[in-house]
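Chemist: After the structure tokens below, expect a handful of questions from me.
Protein chains: 2
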Amino acid sequence: MADTKAKLIDGAVRVLAAEGLQGASARAIASAAGVNQALVFYHFGSVDRLLAEACRWATESRVALYRERFAAASSVADLLAVGRELQAAERAAGNVTVLAQLLAGARTDPRLAPAVADGLGLWIAEIESVLTRLSGSMPFADLFDVPGLARAVAAAFIGLELYEGVDPDGAAAALDALERLAVLTEVLDGLGPVARRALRSKIRRTGTR
Amino acid sequence: MADTKAKLIDGAVRVLAAEGLQGASARAIASAAGVNQALVFYHFGSVDRLLAEACRWATESRVALYRERFAAASSVADLLAVGRELQAAERAAGNVTVLAQLLAGARTDPRLAPAVADGLGLWIAEIESVLTRLSGSMPFADLFDVPGLARAVAAAFIGLELYEGVDPDGAAAALDALERLAVLTEVLDGLGPVARRALRSKIRRTGTR
DNA sequence: GTCTATACATGGATAGAC
DNA sequence: GTCTATCCATGTATAGAC
């Protein structure tokens, strides 16, 4: 990739993380990239399109970075631990913040929407493959609609990231609570055959609605 | 409340819902409210402060509207049903969207942050009281850190609202998946004494980490 | 490809008449 | 309290020299 284009994309990511969508002007981005403002339009045509590119790039590089960690997760607790690690790392690097900011902007900017949807899709695909693996070895797999859950997890994570911006302590408490709740899956996982049979019949009686 | 102030707050809410934070300029808001642009500054001093007021108002009126429905929920499935109903209603009225937009903006606008935190706090308090009630009648209440879970639920809901903007079908699938998962709590709730004892000892063995 | 300069629009905010 | 008019900063985007 051309040097200047890369610098601009990197600058866009950094500005989005630091100043949000509001501060992501062509001038601010070019300044962060250390290049001339006019080059934004020469290389990308508009600020929108630069932001869309930045979204794709930031997401791809970040997902790739965490792919092996996701692959190593062997329980829901592991998955939450990766999530926590990811969140801590992103507090500094802020690439999830980029996605959150663009997600909020995409609602009113149709040019941004497809790029953001793609970016989120990468995370969702990753989570989906972990959940598929995990639910395969679980006793009550029919309770888990993996594609839907993956979307719920991704959306929740974005929401938590935004929430952290206004209440860091609250966000930490939320993650703690989820981790504690995750013990439940381990419990179900390690259940003896008798209790398991009782649960299963109860599920059948309750139905899936 | 003075007529013009009310009109401006209402205009701000409508513009935020329709055009997002990006489109929420003094001129756009005043136009939506049918009043003169200069009145934004006369009554509120700045656009920021008007948005903060709008956040408080939109949240308070909306939370009040749903208070009785929350109070009527007697299971996790009920709570999710209220959430689904709320989401459908907000697709039209868009007051949760307002909160989501302002949450994204609050990251870089310190004047907005406290108002948004307060607004979210109202929802969290409501969810917290439902969860307290529900977990009281549940067999494994010690797995539920109610304040943390309430924050997680609120943040997740905001995330879903934003996600819906770029992928409505995906958001619907996510809600479906959560509803299906909620069957698990009903199952636990209606467990016989033998299975319950087995689960409880398993929890003790697994620990709360 | 990159720079300077600039046209042009939008938005925050204020002054001053009514 | 409300209006018109206006100032000034910022932002998008382009033209044209290098």
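Top line first, the protein sequences correspond to chains A and B.
So the mapping is simple: the numbering used here equals the position in the first sequence, first residue as 1, plus 10.
So the mapping is simple: the numbering used here equals the position in the second sequence, first residue as 1, plus 10.
Here a beta-carbon is modelled for each residue, glycine too, at the ideal position from N, C-alpha and C.
It should be emphasised that the depicted structure is a prediction, and the values quoted were computed from it without experimental measurement.
How long is the line joining the alpha carbons of A:H211 and B:D179, rounded to whole angstroms?
Modeler: What sits at residue 211 of chain A in the sequence shown is Ser, not His. Their Cα atoms are separated by approximately 32 angstroms.
Chemist: Which of helix, strand or coil does DSSP assign to A:D128?
Modeler: A:D128 falls in the helix class under three-state DSSP.
Chemist: Reducing DSSP to helix, strand and coil, say where B:Q47 ends up.
Modeler: Correct three-state label for B:Q47: coil.
Chemist: Is there a Cβ of chain A sitting closer than 8 angstroms to that of B:A151, yes or no?
Modeler: So no, B:A151 is outside the interface.
Chemist: Less than 7 angstroms separating the Cβ of A:I168 from some heavy atom of the ligand SAM?
Modeler: The model on display carries no ligand, and the ligand SAM is accordingly not part of it.
Chemist: Assess contact between the region 116-133 of chain A and the region 66-75 of chain A, defined as three or more Cβ pairs (one per stretch) separated by less than 8 angstroms. Is contact present?
Modeler: Because the criterion of three Cβ pairs below 8 angstroms is met, the region 116-133 of chain A and the region 66-75 of chain A touch.
Chemist: Using a threshold of 8 angstroms, state whether the C-beta atoms of A:A205 and B:G202 are closer than that.
Modeler: Not closer than 8 angstroms, so no.
Chemist: Which class does B:F154 belong to by DSSP, given the choice of helix, strand or coil?
Modeler: Coil.
Chemist: With C-beta atoms as the reference, is A:V197 less than 8 angstroms away from B:T216?
Modeler: For A:V197 and B:T216, yes; Cβs fall inside 8 angstroms.
Chemist: How many Å lie between A:A110 and B:L172 at the Cα?
Modeler: Whole-angstrom Cα-Cα distance: 9 angstroms.
Chemist: Can you check whether the C-beta of A:K15 is within less than 8 angstroms of a C-beta belonging to chain B?
Modeler: Cβ-Cβ to chain B under 8 angstroms: no for A:K15.
Chemist: What residue range is occupied by the uninterrupted alpha helix (DSSP H) comprising A:L191?
Modeler: Per DSSP, A:L191 belongs to the alpha helix (DSSP H) from P178 to D199.
Chemist: Quick one, which residues of the region 160-174 of chain A are near chain B if we go by CB-CB under 9 angstroms, in chain order?
Modeler: Hits within the stretch, in order: A160, R161, A162, V163, A164, A165, A166, F167, I168, G169, L170, E171, L172, Y173 and E174.
Chemist: Cβ of B:P157 less than 8 angstroms from any chain A Cβ?
Modeler: B:P157 counts as touching chain A.
Chemist: Taking the alpha-carbon of B:A187 as reference, which of A:V108, A:A162, A:L185 and A:F167 has the nearest alpha-carbon?
Modeler: That would be A:A162, whose Cα lies nearest to the Cα of B:A187.
Chemist: Excluding five sequence neighbours on each side, which residues of the same chain lie with their C-beta closer than 7 angstroms to the C-beta of A:V50?
Modeler: Taken in chain order, the residues that qualify are L18, A36, I39, A40, V57 and L60.
Chemist: Where do the ends of the alpha helix (DSSP H) carrying B:Q97 lie?
Modeler: Segment V86 to A103, the alpha helix (DSSP H) holding B:Q97.
Chemist: Count the other CB atoms, across all protein chains shown, that sit within 10 Å of the CB of A:D119; report buried if there are 16 or more and exposed otherwise.
Modeler: By the neighbour-count rule (16 or more Cβ atoms within 10 Å), A:D119 is buried.
Chemist: Thinking just about the alpha-carbon of each residue, which of A:E78, A:E138 and A:A12 is nearest to the one in A:L159?
Modeler: Nearest of A:E78, A:E138 and A:A12 to A:L159, Cα basis: A:E138.
Chemist: Quick check on the DSSP output: the alpha helix (DSSP H) that includes B:D119 runs from which residue to which?
Modeler: Per DSSP, B:D119 belongs to no alpha helix (DSSP H) and is neither H nor E.
Chemist: Three or more C-beta pairs under 8 angstroms: does that hold for the region 140-152 of chain B against the region 71-85 of chain B?
Modeler: Yes, they touch.
Chemist: With A:F21 as the anchor, note down where its alpha helix (DSSP H) starts and where it stops.
Modeler: According to the sequence as given, residue 21 of chain A is Gly; it is not Phe. Its alpha helix (DSSP H) spans residues D13 to E29.
Chemist: Can you give me the start and stop residues for the alpha helix (DSSP H) that A:S211 sits inside?
Modeler: Residues P203 to T216.
Chemist: Let me know if B:L153 comes out buried or exposed under the rule of 16 or more other beta-carbons within 10 Å of its beta-carbon.
Modeler: B:L153 is buried by the Cβ-count criterion.
Chemist: Could you list which residues in chain B have their beta carbon closer than 8 angstroms to that of A:A127, in chain order?
Modeler: Chain B residues near A:A127: V176 and D177.
Chemist: Determine the chain A residues that contact B:Q111 at a beta-carbon separation under 7 angstroms, and present them in chain order.
Modeler: Result: A114.
Chemist: Does the beta-carbon distance from B:V23 to B:N105 come in below 8 angstroms?
Modeler: A contact, by the Cβ cut-off of 8 angstroms.
Chemist: Measure the alpha-carbon distance for B:D20 versus A:R121 and round it to whole angstroms.
Modeler: Rounded to whole angstroms, B:D20 to A:R121 spans 28 angstroms at the Cα level.
Chemist: Take B:A27 as the anchor and find which of A:G115, A:A64 and A:D199 has the nearest alpha-carbon.
Modeler: Of A:G115, A:A64 and A:D199, the residue nearest in Cα terms is A:G115.
Chemist: Tell me where the alpha helix (DSSP H) around B:A64 begins and ends.
Modeler: Looking at the DSSP string, the run of the alpha helix (DSSP H) that includes B:A64 is V57 to A82.
Chemist: Using a Cβ-Cβ cut-off of less than 9 angstroms, list which residues of the region 28-39 of chain A approach chain B; keep chain order.
Modeler: From the region 28-39 of chain A, only A28, E29, G30, L31, Q32 and G33 have a Cβ closer than 9 angstroms to chain B.
Chemist: Decide if A:L170 is buried, meaning its Cβ has at least 16 other Cβ atoms within 10 Å, or exposed.
Modeler: By the 10 Å Cβ count, A:L170 comes out buried.
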